[in-house]
């Protein structure tokens with residue numbers, strides 16, 4: 068999603084995927100820790116196999132220190148995890 072299409076819009080309006088929305092809600096409802104990371108499988112309609120997505124979140128604070136939002140970065144790590152699996156199988 069391009070930044071000009073997403074800035075200022077609710078997360079739920081940008082993605083039509085219930086699992087992705089659930090992960091975003093988990094980050095939003097997390098404790099006061101400044102950042103979180105989680106990997107999860109994501110089934111996309113145009114993909115033959117599930118993708119492994121790494122989600123990282125960071126809380127944003129205003130100048131007063133009040134919570135003002137969350138930044139969530141999504142990264143497709145499917146290939147990295149496949150290579151890790153191949154390395155593990157090769158070693159054992």
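In our numbering, the protein residues as written are 68 to 159.
The beta-carbon is built from N, C-alpha and C at its ideal position, and this holds for glycine as well.
Predicted model, so just to flag it, every value in this text is computed and none were measured.
Residue 92 and residue 130 have their C-alpha atoms some 24 Å from each other.
A residue is called buried when at least 16 other Cβ atoms come within 10 angstroms of its Cβ; residue 157 does not meet this threshold and is exposed. The segment 82-123 contains, as complete beta strand (DSSP E) runs of 3+ residues, the segments 102-109 (chain order). For residue 135, the enclosing beta strand (DSSP E) covers residues 134-143. Counted as a single uninterrupted DSSP element, the alpha helix (DSSP H) harbouring residue 70 occupies residues 70-73. By alpha-carbon distance to residue 121, the top candidate from 107, 134, 138 and 159 is 107. Contact between residue 109 and residue 140 fails: their C-beta atoms lie close to 14 Å from each other, not under 8 Å. Excluding its 5 nearest sequence neighbours in each direction, residue 127 has C-beta neighbours in its own chain below 7 Å: 135, 136, 137 and 138, listed in chain order.
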